Every structure is written in structure tokens, then in C-alpha cells.
Amino acid sequence: MPDRPAGGITPDRVLVERMAAGDERALGELYDHHGGTAYAVAVTIVGERADAEEVVADVFGQMWRTAEQFDPSRGSVVAWLAAITRTRALDLLRARGRRARTIERAASMSDEGLAAPIAAAGNAPDRGPELDEARRLVRRSLAELPAPQRRVIELAYFGGLSQSEIAAELQEPLGTVKTRMRAGLEKLRASLGPLLEGAA
Amino acid sequence: MSEHSWLESAGAYALGALAGEERSEFQAHLASCATCRAEVQSLREVTALLAYAAPGEVPPPALRDRVLAEARRVRPIGAARRPGAPVRWIPWLAAAAALVIAVGAERRARLAGARADTLAAQLADRDSLIAGLTGPEVHVVSLAGTGRDPSARVFWNHRLQRFVVMAFDLPAAPSGRTYQLWALAKDKAPASMGTFNTNAHGQAYLVIPVDSSVIQLGFLDKCAVTQEPAGGSPQPTETPRLVGTWVHTD
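Same order as they appear, the protein sequences are chains A and B.
According to our numbering, the first sequence is numbered sequentially starting from 6.
According to our numbering, the second sequence is numbered sequentially starting from 1099.
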């Protein structure tokens, strides 16, 4: 996710620098930018709102404590946040002995996949038009993938499954799963270009 | 494996979908291949955006307050931290128990002064340390030296999700080296809990917020300390200097 241009919203990177210096307001602002997204990811993975809240509290706690170690040359703040959120949510799911909602839905998943029903679900009011735009683009890009490609990507990302586990889950050859994942990610990289910082 | 095949694994790795040997082999390759590292980083930015595809659930307003309240509790303002080190140093503490009283007195007497910020940070450090050591949910492991005198105790506070480490008589690691704490569990690769060094007296006191790579205590058998190159190692590179088994304090 690109840093916001001048004019109102402080870039994430600057917020993280201020967090490292102990500025709680910066943490609040980062939460205002991304809390809704982190929560949505957590709910999708863990399936329970109370658990998702715990995950989000953990995620921002970890970002707060380790803000000083954030290295912008190694990736964006959103990539950092998304990685922590996903890891925490999957950890909690494993600790609870549950499987991700995404996996439960995999068997019955229609061609619409995860992205389609979301469009009507309303937008979290945490960052206005720009966030809406990002959501629209990501959902449209996912929706435009061939269903088998989208499915393996969603199972990996929201279900925490490895390629071999996905192959077993879908009863497809491992090689097929690998090819689909690679092709789907390449298409996403192309279609999400406008959202990618310094995209080639 | 050819360079090309390695690159083909970058997407799966960025998605967290490589497992077992495939994953560790790819990680080993990453250490020496800038092309694959760049590809993983690029694809991580792509996969991170998938977060926006999650259904638009709105978090309850109280969650924001909780996040800020926990931040206030966990990390003291202005705490000095070593660059790049995943642990936070605690100023020297004589005895945690005795401090509880001292802390209250100091808080009242001094907080209004110009040193308020520094003191608040120190108090928060101490509060944080004491909180980490006390309570029925605390587990402890004593690490004994293997053929030497040093020792360490590690406290795990489940409620606060943090480790408190105290090391004694452990000579400071030389320049370019560091001590690294490991969580060990049966049939699992050691998980790094962070790096630290001891002071001139061979002592260290530190608080380590739990990292997602460290598994839940239920899966945790032992704790160990090795000496590693500065910055720490992905896996221990020597026989542990200290090792101990977790016990419950009740």
C-alpha cells in the first residue's frame, strides 16, 4: 500500500517512526487507518468476533512494542501489519484447535469465491474513499481471477494451508496447485499495480 | 534446483504456503540470493493487499480503547532500546519484591518534577517486570549451566504474554556476538525468543514480549541460551550454554 500523498493523512511510515518514539497518538492513528482491515482479516480467519478482537489487540500491541525494528526498506507498513495479523490469527486458530472458516467453505465454495459476497457488505468507516477504492480494486482483481486460481490463493492466505494441504483439500495434484498459485499471484501483481508502492 | 525453479517458489513462500523441507530449503536459498529476496518482498506486498478482500466487518469502538490501553501498559515511554534487538532492557533492579514499596514512594515524591518522563519510564519498566513475575498464571524455568557457573531464570506470564529473563554470572558476549534465548519443544525446530547480552557483572534483566514465532507454552518443553553472531541466528549454532525445563510455580 503506498504511503498517502501530502494533504491530511500522515503516511504510515511516519506513524511507525513516531510510535517508536513512544507517541501513543500515532498508534491511534495507525489503528484508525488499518484497524478495520486487520479486524476483517482476523474475523475471516478465526471466525469469532471476540477472538478477532484479541488478535487485533495483539497485533497492534506487537507493532507498538517493535515499531523501532520496522525497516521500510524491507516492505510497507501494510505488508508488516498484514503478516502479523495473519500469523496471529492462524496461531490462535491452531491454539483453539479450529480450522479457518475459509477451509470450511472451500468444499462448498462457488465460483464466486470469497470476494463476491463482500461487495455488498458495507465498508468499515475507517479511512474514507481511498480505502474504499483499495478494497474495490483488490476485490475486483480477485473476482477476475479464474476460480481455481482464486481458490488456492484464498486457502493459503485466509486458511493458512500449505500447497500440499491445499492439494489434499481440493484433491488436485500438487503440481496443479503450484501452477495455479503462481499464475494467480502474477495476475494479481499486474492488476494491483496501482496500489503497490514503487511498483515496477 | 535451478535459479528459475527457486523463483517459482517465491509466491508460495510469500503466501506462507511452503511447508516442511521445501520451506527450509527455500529459506536457505534466500540467504544467498538477492533476486529471490526481492521477488519475495515484491510478492509480499501483493499478498498483503489480500487483506482488503476480507469481508467488511466493523470492529467495535471499544477495541480502539483496548489497543491504546494495552500500549500504555506494555511499553514505557522513552525506554532505551538497542537498535535491532528484539528485547527491551530493564534498568538494574536489586530485588523485585523490595521494589514494590520503593516504587510507590518514588511515584508520589518525584513525578511532578522535571524528571517525570524518565521516572515514568523507569517505573513502567519496573511495573512491567514485577507484573511479569507475579500472579498465579506465571510459569518459571531455571536454566543451569552446562559445565560452568552461569544460571538464568525465565518467567512466562501467560496473561501478559511476556517472558521475563534474569541471567547471572554469564560473562558478557564479546563484540560481534550476542546471547540468544530459545524455546524448545519436542519434534519442533528451536524458536528464537530474542537476543540479549549481559552487563559487566554478568547479569541481564529483560522483558521479552511474546513473538508469534514462539509457540504456546502448552507445546513448550525447555528453554536454552546459546551464544550467536550479533543479530542472532535462525537456529542455534552451538550446544546450549544454559538449558532448563519449564515448571509451574503453583
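Ideal Cβ positions, reconstructed from N, Cα and C, are used throughout, including at glycine.
Bear in mind the structure is a predicted one, so any value in this text is a computation, not a measurement.
Starting from B:A1289, follow the beta strand (DSSP E) in both directions and report where the run begins and ends.
What you label residue 1289 of chain B is simply residue 191 of the second sequence in a count that begins at 1. 1289–1294 is the span of the beta strand (DSSP E), which, as asked, contains B:A1289.
Compare the Cα-Cα distances from B:R1275 to each of B:A1108, B:A1115, B:E1326, B:V1252 and report the closest residue.
Position 177 of the second sequence holds residue 1275 of chain B. Out of B:A1108, B:A1115, B:E1326, B:V1252, B:E1326 has the C-alpha closest to the C-alpha of B:R1275.
At a CB-CB cut-off below 8 Å, which residues of chain A make contact with B:V1144?
Position 46 of the second sequence, counted from the start, is the residue given in the question as residue 1144 of chain B. What B:V1144 touches in chain A: L190, L193, R194, L197, L201.
Distance CB(A:A43)-CB(A:F65) smaller than 9 Å
Position 38 of the first sequence holds residue 43 of chain A. Position 60 of the first sequence holds residue 65 of chain A. Yes; because the gap between Cβ atoms is below 9 Å, this pair is in contact.
8 Å Cβ cut-off: residues of chain A touching B:R1170:
Here the question's residue 1170 of chain B lines up with position 72 in the second sequence. In chain order: E29.
Members of the stretch 159–176 of chain A that neighbour chain B once the beta carbon cut-off is set at 9 Å:
E159, L160, A161, Y162, F163, G165, L166, S167, Q168, S169, E170, I171
Report the neighbours of B:G1292 on chain A: residues whose CB is nearer than 7 Å to its CB, in chain order.
By one-based count along the second sequence, residue 1292 of chain B stands at place 194. Result: empty, since nearest Cβ-Cβ is about 11 Å, beyond 7 Å.
Residues bridged to B:W1104 (per DSSP):
Within the second sequence, numbered from 1, the residue matching residue 1104 of chain B stands at position 6. B:W1104 is not bridged to any residue.
Those runs of the beta strand (DSSP E) which lie wholly inside the stretch 137–204 of chain A and span at least 3 residues:
Contiguous beta strand (DSSP E) elements confined to the stretch 137–204 of chain A do not occur, taking only those with 3 or more residues.
Would you kindly report the start and end of the unbroken alpha helix (DSSP H) that includes A:Q67?
The residue you call residue 67 of chain A lines up with position 62 of the first sequence. Residues 54–71.
B:P1158 - DSSP class collapsed to helix/strand/coil:
Reading the second sequence from its first residue, position 60 is the one you call residue 1158 of chain B. Of the three classes helix, strand and coil, the one that applies to B:P1158 here is coil, per DSSP.
Looking only at C-alpha atoms, which of B:P1158, B:V1144, B:L1148 sits nearest to A:E159?
In the first sequence, residue 159 of chain A corresponds to position 154, counting from 1. Considering only alpha carbons, the answer is B:L1148.
For A:T49, report the span of its alpha helix (DSSP H) as first-last.
The residue you call residue 49 of chain A lines up with position 44 of the first sequence. First-last of the alpha helix (DSSP H) with A:T49: 29–51.
With 9 Å as the threshold, decide whether the Cβ of B:Y1303 is near any Cβ in chain A.
Here residue 1303 of chain B refers to the residue found at position 205 when the second sequence is read from its first residue. Closer than 9 Å: no.
Which residues in chain B have a C-beta closer than 8 Å to the C-beta of A:A88? List them in chain order.
By 1-based counting over the first sequence, the position of residue 88 of chain A is 83. Here the neighbours are R1142, A1146.
If we define contact as Cβ-Cβ less than 9 Å, is B:A1126 a contact residue for chain C?
Looking for chain C here will not work: the only protein chains present are A and B.
Which listed residue (A:T184, A:S169, A:F163, A:L175) has its alpha carbon closest to that of A:A47:
The residue labelled residue 47 of chain A in the question sits at position 42 within the first sequence. Of A:T184, A:S169, A:F163, A:L175, the residue nearest in Cα terms is A:F163.
DSSP state of B:Q1333, grouped into three classes?
In the second sequence, residue 1333 of chain B corresponds to position 235, counting from 1. Coil.
Rank B:R1251, B:R1260, B:A1298 by C-alpha distance to the C-alpha of B:V1323 and give the top, closest one.
Looking up residue 1323 of chain B in the second sequence gives position 225. Taking only the C-alpha atoms, the option nearest B:V1323 is B:R1251.
I'd like to know whether the C-beta of A:T92 is nearer than 9 Å to at least one C-beta of chain B.
Reading the first sequence from its first residue, position 87 is the one you call residue 92 of chain A. Chain B, which has a Cβ nearer than 9 Å to the Cβ of A:T92, makes this yes.
Answer with yes or no whether the minimum CB distance from B:R1339 to chain A is below 9 Å.
Here residue 1339 of chain B corresponds to residue number 241 of the second sequence, with the count starting at 1. No, B:R1339 does not count as interfacial toward chain A.
Kindly indicate if chain A contains any beta-carbon less than 9 Å away from that of B:E1106.
On the second sequence, residue 1106 of chain B is found 8 positions in, with the first residue counted as 1. Cβ-Cβ to chain A under 9 Å: yes for B:E1106.
Check B:A1265 in the structure and name its three-state DSSP category.
Here residue 1265 of chain B is taken as the residue at index 167 of the second sequence, counted from 1. If DSSP states are grouped into helix, strand and coil, B:A1265 belongs with the strands.
Determine the direct distance from the alpha carbon of A:Q154 to that of A:L197, and round the result to whole angstroms.
Locating residue 197 of chain A in the first sequence gives position 192, counting from the first residue. Locating residue 154 of chain A in the first sequence gives position 149, counting from the first residue. The straight-line gap from Cα to Cα measures roughly 16 Å.
Span of the alpha helix (DSSP H) around A:A88
Here residue 88 of chain A is taken as the residue at index 83 of the first sequence, counted from 1. That run of the alpha helix (DSSP H) goes 82–100.
Can you tell me whether B:L1141 is buried or exposed, with buried defined as 16 or more other CB within 10 angstroms of its CB?
For the purposes of this step, residue 1141 of chain B is identified with residue 43 of the second sequence, where counting begins at 1. So B:L1141 counts as buried.
Chain A within 9 Å of B:G1329, Cβ atoms only
In the second sequence, the residue the question calls residue 1329 of chain B occupies position 231. Not an interface residue.
For A:A25, collect the residues of the same chain with a Cβ closer than 6 Å to its Cβ; drop the 5 residues on either side in sequence, then sort them by chain order.
For this step, residue 25 of chain A is matched to residue 20 along the first sequence. Residues A72, E73 of the same chain have their beta carbon placed closer than 6 Å to that of A:A25, with the five preceding and five following residues left out of the count.
So with Cβ pairs under 9 Å, would you call B:G1300 a contact of chain A?
Position 202 of the second sequence, counting from 1, holds the residue named residue 1300 of chain B. Cβ-Cβ to chain A under 9 Å: no for B:G1300.
With B:P1288 and B:A1281 assumed to form a contact (beta carbons below 8 Å), what rounded beta-carbon distance in angstroms separates them?
Position 190 of the second sequence holds residue 1288 of chain B. Position 183 of the second sequence holds residue 1281 of chain B. Right, the Cβ-Cβ distance comes to about 7 Å (below 8 Å), so this counts as a contact.
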